[in-house]
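Per our numbering: the sequence shown = residues 2 to 389.
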Amino acid sequence: MTAYLNALGIICALGRGQQQVRRNLFAGDCSGMRAESGWVPERVLPVCSVPGELAPLPPHLAQQNSRNNQLLLEAALQIEGPIQQAIQTFGASRIGIVLGTSTSGIDEASRGIAHYLQQGQFPEDYDYRQQELGAPANFLADWLQLSGPAYVISTACTSSARAMMSARRLLDLGLCDAVLCGGVDSLCKLTLNGFTSLEAVSSERCNPFSVNRNGINIGEAAVLFLMSKTPAPIALLGSGASCDAHHISAPEPTGKGALQAMSKALANAKLAPEQIGYLNLHGTATQHNDAMESLAVATLFPAGVACSSTKPMTGHTLGAAGALEAAFCWLSLVEGMLAPHIWDGQADPALPALRWAKVGDTLEKRCLMSNSFAFGGNNVSLIIGDAP
């Protein structure tokens, strides 16, 4: 069954809504990355935050307040019209929610615990439900008064890509007629300090696939697709996943798990590699991840494919990254443009050469692939294109 992507709500460092994000994405705008202190002791780090005030949660849902839920609400409000139309058409029990996250409300929980340790009691606005991984899906279901399946997938940096796969499966099984799917993650001290302890965070803008690459930047985002059986111009054509379980945090060095996920996605979509017009790379700018991904891409696409890492513009948005970069493919189909690869142009001679998309490049083949790779060797590849 075709999984149509009927509507898209998006907020990240590139902007709020399709128009802002689209304009800045295809211009290669990195101005959303700013150096900030206070996240990691004694360090100033570039991060990709969403500036300005976020929409407040309705008063009756105040106990579910968190930055993640505010970001999610911003994305949902952008497509509230199509969502309400789906509710009227299918009914509240036939619409599911599947989201990916890695932080949920852990930042609010951390502040609450710190207050408890200092004052001997939790602050008045603390609620345990804020920190549960399922909190974003529960909030969205409560806000929209939906009674269909609602859950969160948390597989680190593949979370929201897997959420899109799971949403498609709900449609295929006939359990839902429409699914709100995507992901959300916000900046918080826990993740920034965690990646810093792994010596994976760069003190400069990340530089994917360069010989000078030295780590990631962290960002935040919320992405929400309305996926349904109702025909629309763009669809999720295929998906593939693998888990090579090579190491708790390091990727399998030959890229065999990544290659398996991409090959499965092509088979699922009934496409050949030469039919792919663009590949959004996971492209974290860490030494090992870029090395293994370039090996996998060069193996699968011996004739080359236009590709880029968009993380210098958005940061690595962790659990939201898979859906965010799938959204960039969706926007490429709408605009007919390719997201450019932003780096210093200094190729690593130890890596296979890839074909980098540049500002102004146009989309020639209307099937696009997006890669997401996570801790534990968890790999996902999605293919988005014109609906058949």
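Ideal placement from N, C-alpha and C gives every residue a C-beta, glycine not left out.
I need the boundaries of the alpha helix (DSSP H) containing Y117, first residue and last residue. 107-120
_Please state whether the Cβ-Cβ distance between C244 and L280 is less than 8 Å._
no
Margin query: Pop quiz: G314 and G29 are said to be a contact at Cβ under 8 Å. What is the actual Cβ separation, rounded to whole angstroms?
Written below: In the sequence as presented, Gly is not what sits at residue 314; that position holds Met. Their Cβ separation, rounded to whole angstroms, is 7 Å, which keeps M314 and G29 in contact under 8 Å.
Runs of 3 residues minimum, wholly inside the segment 217-262: which ones carry the beta strand (DSSP E) assignment?
222-229, 235-244
Based on DSSP bridge pairs, tell me the residues matched to V381.
A242, S373
With respect to the beta strand (DSSP E) encompassing E37, which residues constitute its N-terminal and C-terminal limits? 34-37
Check: Between the Cα of A322 and the Cα atoms of T102, P234, L176, F123, which residue gives the shortest distance?
Finding: T102
If you measure between the beta carbons of D108 and S50, is that distance less than 8 Å? no
Q) Which ranges would you report for the alpha helix (DSSP H) in the segment 285-315 if only whole runs of at least 4 residues count? A) 288-301, 312-315
Practice item. Could you spell out the range, first to last residue, of the alpha helix (DSSP H) harbouring C330? Key: 322-336
ask   = Leaving out five residues before and five after C177 in sequence, what residues of the same chain have Cβ atoms less than 7 Å from its Cβ?
value = R95, I96, G97, G149, P150, L171
Helix, strand or coil for L100, going by three-state DSSP, please let me know.
strand
* Note the first and the last residue of the continuous alpha helix (DSSP H) segment covering G18. => Here G18 belongs to no alpha helix (DSSP H), and DSSP marks it neither H nor E.
Under three-state DSSP, which class holds G135? coil
Is the Cβ-Cβ distance between G337 and L238 less than 8 Å?
no
Exercise for the section: With DSSP collapsed to three states, give me the class of S394. Expected result: For the chain, the structure presents residues 2 to 389; residue 394 sits outside this window and is missing.
Note to self: If I measure Cβ to Cβ from E54 and keep anything under 8 Å in the same chain, skipping five residues before and after, which residues do I get?
What the structure shows: none
Only counting runs of 3 or more residues, tell me where the beta strand (DSSP E) segments fall wholly within the segment 18-87, in order along the chain.
-> 34-37, 46-49
request  = Counting only the same chain and skipping the five closest in sequence on each side, list residues whose C-beta sits under 7 Å from that of A375.
outcome  = T156, A157, C158, T159
#### Entry: Residue span of the beta strand (DSSP E) that contains N7, given as start and end
4-13
**Asked** When you compare only the Cα positions, how much space is there between Q122 and V153?
**Response** 30 Å
- request: Over the uninterrupted alpha helix (DSSP H) stretch that includes N194, give me the two end residues.
  value: 190-198
Anyone know if the C-beta pair for G216 and A286 falls short of 8 Å? yes
Is L173 helix, strand or coil when you go by DSSP?
The question names Leu, but residue 173 in the sequence shown is Asp. D173: helix per DSSP, three-state reduction.
Using only CA atoms, which one of T300, W144, D349, L301 lies nearest to I63?
It is Ala, not Ile, that sits at residue 63 in the sequence shown. Of T300, W144, D349, L301, the residue nearest in Cα terms is W144.
For L272, which residues of its own chain have a beta-carbon under 8 Å away from its beta-carbon, when the five flanking residues on both sides are left out?
L238, G239, C368, I384
Item checked: Limits of the beta strand (DSSP E) - the one that Y152 falls within -> 151-154
- Query: For N372, is the classification buried or exposed, using 16 other Cβ atoms within 10 angstroms of its Cβ as the cut-off for buried?
  - Reply: buried
Review point. In this structure, does DSSP put D362 in helix, strand or coil?
Key: coil
- Message: Can you check whether the C-beta of L191 is within less than 8 Å of a C-beta belonging to chain C?
- Response: The structure shown contains no chain C, having only a single protein chain.
Query raised in the report: Per DSSP, G184 forms a beta bridge with which residues?
Result: G101, V224
Bridge-paired residues (DSSP) for Y129
DSSP, once it has assigned bridges, lists no residue as partnering Y129.
Less than 8 Å between the C-beta atoms of A266 and S382, yes or no? yes
Problem - Of the listed residues Q79, F91, L73, nearest to G106 (C-alpha basis) - result: L73
Give a yes or no on whether the C-beta atoms belonging to C182 and L100 are separated by under 8 Å. yes
Going by DSSP, what residue range makes up the beta strand (DSSP E) through L280? 279-281
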